[in-house]
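Q:
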Amino acid sequence: MDFELTAEQRELRDTARAFAREQMAPVARELERTNTPLSKEWKRRYAEMGFLGINISPDYGGLGLGNLEAILVLEEFARVHPAVAFPIFESAVGPIKAVERFGSESLKKNLLPKVTSGEAIVAVAMSEPNAGSALTDLTTRAEVRNGRVIVNGTKRWCTGGGSADGYVVYCRLSDAPGAKGIGAVYVPNGVPGLSFGAREELMGFRGTTTADIFFDNVEVPEDHLIVPAGSFSKLMEAFDLERCGNATMCLGIAAGALEDTLAYVQERKQFGKPIVEFQAVQLKLAEMAMKVEAARLLIYRAVTRASNGFPSVADSSIAKCFANEMVREVTGAAMQLMGGYGYSKQYSAEQRFRDAWGWGIAGGTIDIQKINIASALVGRRFDQRR
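When we follow my numbering, the leftmost residue of the sequence shown carries the number 511, and every step to the right adds one.
1) Measuring straight from C-alpha to C-alpha, what distance separates N882 and K619?
2) Please list the segments of the alpha helix (DSSP H) lying wholly inside the stretch 537-604, counting only runs of 4 or more residues, in order along the chain.
3) Assign V888 to one of two classes, buried (16 or more other C-beta atoms within 10 Å of its C-beta) or exposed (fewer than that).
4) Mapping DSSP to helix, strand and coil, what is R838?
5) Residues in its own chain within less than 8 Å of V537 by CB, not counting five upstream and five downstream?
6) To the nearest angstrom, report how far apart W667 and E787 are at their CA atoms.
7) Take every Cβ of the stretch 780-799, pair it with every Cβ of the stretch 719-729, and state whether three or more of those distances are shorter than 8 Å.
8) Does the distance from the C-beta atom of L795 to that of L772 stay below 8 Å?
9) Quick one: which unbroken alpha helix (DSSP H) runs of 4-plus residues sit fully inside the stretch 669-700? Chain order, please.
10) Hey, how far is the Cα of V625 from the Cα of V840?
11) Rounded to a whole number of angstroms, what is the C-alpha to C-alpha distance between V730 and I606?
12) Kindly identify the DSSP beta-bridge partner or partners of L902.
13) To the nearest angstrom, report how far apart Y556 and L621 are at their CA atoms.
14) For the structure I just gave you, are there three or more beta carbon pairs, one from the stretch 728-743 and one from the stretch 602-617, closer than 8 Å?
15) With E711 as the anchor, note down where its alpha helix (DSSP H) starts and where it stops.
16) Quick one, are the C-beta atoms of Q879 and S827 less than 8 Å apart?
17) Thinking P597 and L562 are a contact (beta carbons under 8 Å), I'd like their distance in whole angstroms, please.
18) Express the C-alpha separation of R815 and L751 in angstroms, rounding to a whole number.
19) On the DSSP letters alone, give me the boundaries of the beta strand (DSSP E) that S643 sits inside.
20) Between A689 and C681, which are expected to be in contact by the criterion C-beta below 8 Å, what is the C-beta distance as a whole number of angstroms?
21) Using only alpha-carbon positions, find the residue among A674, R862, G873, G703 that is nearest to R716.
22) Specify, as a first and last residue, the run of the beta strand (DSSP E) that S705 falls within.
23) Determine the closest residue to G849 out of R778, G873, S822, with distance taken between C-alpha atoms.
24) Report the three-state DSSP secondary structure of E629 (helix, strand or coil).
25) Using only the alpha-carbon positions, how far apart do T649 and Y696 sit?
26) Would you say R523 and L582 are within 8 Å of each other, going by their C-beta atoms?
27) A633 and G691: beta carbons closer than 8 Å?
28) Going by alpha carbons, who is nearest to A799 out of I736, D675, A843, F599?
29) For the putative contact between T719 and R709, defined by C-beta atoms under 8 Å, what is the C-beta separation to the nearest angstrom?
30) Which residues does DSSP pair with N662 in a beta bridge?
31) State buried or exposed for R520, treating a residue as buried only when at least 16 other CB atoms are found within 10 Å of its CB.
32) For the candidate residues P639, R811, G873, whose alpha-carbon lies nearest to that of N834?
33) Measure the alpha-carbon distance for Q846 versus G852 and round it to whole angstroms.
34) Taking DSSP as the reference, what is the three-state secondary structure of Q846?
35) Return the residue from the list I566, E711, N756, D685 that minimises the CA-CA distance to I871.
36) On a Cα-Cα basis, can you pick out the residue from V823, G571, G657, V701 that is closest to L745?
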């Protein structure tokens, strides 16, 4: 067991750190102010730097590195702002990994190079008005007919809704009940019958879009079918990696909050000395640091123990659940230690606090992760309907 990064991993991390801080910090402030997604020009620049598709095969334009390397880069961008990290998230731990693992070769050859070149962002469309935590209750349907896939239904809480270039849509592909009838299809933006609701006004997550998606006899080629009915477990395997990406966004936010707080408490003076000299502040800093480091180790463990490329549901749920709770606590402590400056929109503390709360809702709530963990401990799934 080696807790040290290789020289190559450290170089990749440091390159990402320098680029994110020097290039993306002013961009992030503008995205936060205007609530607009990152531009195509910046995504292409990411691609030139090798930050998109880090763990995608070189056959499709990626670097062919591991999930840990992708996580290292994602954390550095998330330290600056989730909006500038979002394209990296979607290209390395998002639904595109399900396409790479399970999709047809024709779909992969057409889609993956667009993602790794910065020309396309692919989002996941899972939740519905009556299917969130109870995801197997989804009702969006797809039917394969005469070489085409026809999709009908509604999706809700889609991050990237309306702005992404395509969607991995979880849908019911047969009349089999529950998970047995669920598969997934890729739907590019702009096809006839695809429309979007009004953009959601959220507490945080500025610089990303969230909107309902409506499918009215949307047709795509049959090779856009990613997995057929009965493949829900495969989709969840891929989603276990996305959970680790969610946890890494939390890690980056919390690590950035800790870093800013450390600088602040050494500069801010009260009662004639820097406030870091007070034991109450020292204890709070230590607690913040312990939580950040623990989250980092849980995430690294989850992605490095994955023998088949995707983490286990237990490892990913533990990492996500801990990071989701940790980031709320750390950003709250940062705001408190920074006082009025932490509460001011002139600084990043309040933005991090707002963003922190969203990750424990997105990608499976904190309580759902705890149910996953308990299920892994006893070796069976719990039926929530009985």
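All residues carry an ideal CB built from backbone N, CA and C; glycine is no exception.
A: Per the coordinate set shown:
1) Counting from one through the sequence shown, the residue named residue 882 turns up at place 372. Counting from one through the sequence shown, the residue named residue 619 turns up at place 109. Whole-angstrom Cα-Cα distance: 35 Å.
2) Listed in chain order, the alpha helix (DSSP H) runs fully inside the stretch 537-604 are 550-559, 577-590, 592-602, counting runs of at least 4 residues.
3) Counting from one through the sequence shown, the residue named residue 888 turns up at place 378. By the 10 Å Cβ count, V888 comes out exposed.
4) For the purposes of this step, residue 838 is identified with residue 328 of the sequence shown, where counting begins at 1. Here R838 sits in helix by DSSP.
5) The sequence position of residue 537 within the sequence shown is 27, counting from 1. L548, W552, V594, listed in sequence order.
6) In the sequence shown, counting from the first residue as 1, residue 667 sits at position 157. In the sequence shown, counting from the first residue as 1, residue 787 sits at position 277. For W667 and E787, the gap between their C-alpha atoms comes out near 45 Å.
7) The stretch 780-799, when compared against the stretch 719-729, does not touch it at the 8 Å Cβ threshold.
8) Position 285 of the sequence shown holds residue 795. Position 262 of the sequence shown holds residue 772. Cβ atoms of L795 and L772: closer than 8 Å.
9) Listed in chain order, nothing qualifies, since the stretch 669-700 has no complete alpha helix (DSSP H) run of 4 or more residues.
10) As a working note, residue 625 is residue 115 in the sequence shown. As a working note, residue 840 is residue 330 in the sequence shown. When rounded, the distance between both Cα atoms is 33 Å.
11) As a first step, residue 730 is located in the sequence shown; it is residue number 220 there, counting from the start. As a first step, residue 606 is located in the sequence shown; it is residue number 96 there, counting from the start. If you take the alpha carbons of V730 and I606, they lie about 17 Å apart.
12) Outside the displayed range of the chain (511 to 896) lies residue 902, so it cannot be described from this structure.
13) On the sequence shown, residue 556 is found 46 positions in, with the first residue counted as 1. On the sequence shown, residue 621 is found 111 positions in, with the first residue counted as 1. Between Y556 and L621, the C-alpha separation is close to 17 Å.
14) With a cut-off of 8 Å, the stretch 602-617 and the stretch 728-743 count as touching, because enough Cβ pairs lie within range.
15) Mapped onto the sequence shown, residue 711 falls at position 201. It is not in any alpha helix (DSSP H) - E711 carries neither H nor E in the DSSP assignment.
16) Taking the sequence shown and counting its residues from 1, one reaches residue 879 at position 369. Taking the sequence shown and counting its residues from 1, one reaches residue 827 at position 317. Cβ atoms of Q879 and S827: closer than 8 Å.
17) Here residue 597 corresponds to residue number 87 of the sequence shown, with the count starting at 1. Here residue 562 corresponds to residue number 52 of the sequence shown, with the count starting at 1. About 7 Å; that satisfies the 8 Å criterion.
18) By 1-based counting over the sequence shown, the position of residue 751 is 241. By 1-based counting over the sequence shown, the position of residue 815 is 305. Cα-Cα distance, rounded: 12 Å.
19) For the purposes of this step, residue 643 is taken as the residue at position 133 of the sequence shown. DSSP places S643 outside any beta strand (DSSP E), giving it a letter other than H or E.
20) Along the sequence shown, read from residue 1 onward, the residue named residue 689 stands at position 179. Along the sequence shown, read from residue 1 onward, the residue named residue 681 stands at position 171. About 13 Å; that fails the 8 Å criterion.
21) The residue you call residue 716 lines up with position 206 of the sequence shown. The shortest C-alpha separation from R716 is found at R862.
22) Taking the first residue of the sequence shown as 1, we reach residue 705 at position 195. Here the beta strand (DSSP E) through S705 covers 704-706.
23) The count along the sequence shown starts at 1 and reaches residue 849 at position 339. When C-alpha distances from G849 are compared across R778, G873, S822, the shortest belongs to R778.
24) Numbered from 1 along the sequence shown, position 119 holds the residue referred to as residue 629. It is coil, neither helix nor strand.
25) Residue 649 sits at position 139 when you count from the first residue of the sequence shown. Residue 696 sits at position 186 when you count from the first residue of the sequence shown. Cα to Cα, the separation comes out at about 17 Å.
26) Taking the first residue of the sequence shown as 1, we reach residue 523 at position 13. Taking the first residue of the sequence shown as 1, we reach residue 582 at position 72. Yes.
27) Within the sequence shown, numbered from 1, the residue matching residue 633 stands at position 123. Within the sequence shown, numbered from 1, the residue matching residue 691 stands at position 181. Note that the C-beta distance between A633 and G691 is not below 8 Å.
28) Indexing the sequence shown from 1 puts residue 799 at position 289. Selected option, being the one with the closest Cα: A843.
29) The count along the sequence shown starts at 1 and reaches residue 719 at position 209. The count along the sequence shown starts at 1 and reaches residue 709 at position 199. At roughly 6 Å, the Cβ-Cβ gap stays under 8 Å, so T719 and R709 are in contact.
30) To locate residue 662, count along the sequence shown from 1; it is residue 152. Paired residues: R651.
31) The sequence position of residue 520 within the sequence shown is 10, counting from 1. In the assembly as shown, R520 is an exposed residue. Its beta-carbon has fewer than 16 other beta-carbons within 10 Å.
32) Your numbering for residue 834 matches position 324 in the sequence shown. Nearest C-alpha to N834: G873.
33) Position 336 of the sequence shown, counted from the first residue, corresponds to residue 846. Position 342 of the sequence shown, counted from the first residue, corresponds to residue 852. Distance from the CA of Q846 to the CA of G852, rounded to the nearest whole angstrom, comes to 7 Å.
34) Within the sequence shown, residue 846 is the residue found at index 336, counting from 1. Of the three classes helix, strand and coil, the one that applies to Q846 here is helix, per DSSP.
35) What you label residue 871 is simply residue 361 of the sequence shown in a count that begins at 1. Among I566, E711, N756, D685, the Cα nearest to that of I871 belongs to N756.
36) The count along the sequence shown starts at 1 and reaches residue 745 at position 235. Among V823, G571, G657, V701, the Cα nearest to that of L745 is on V823.
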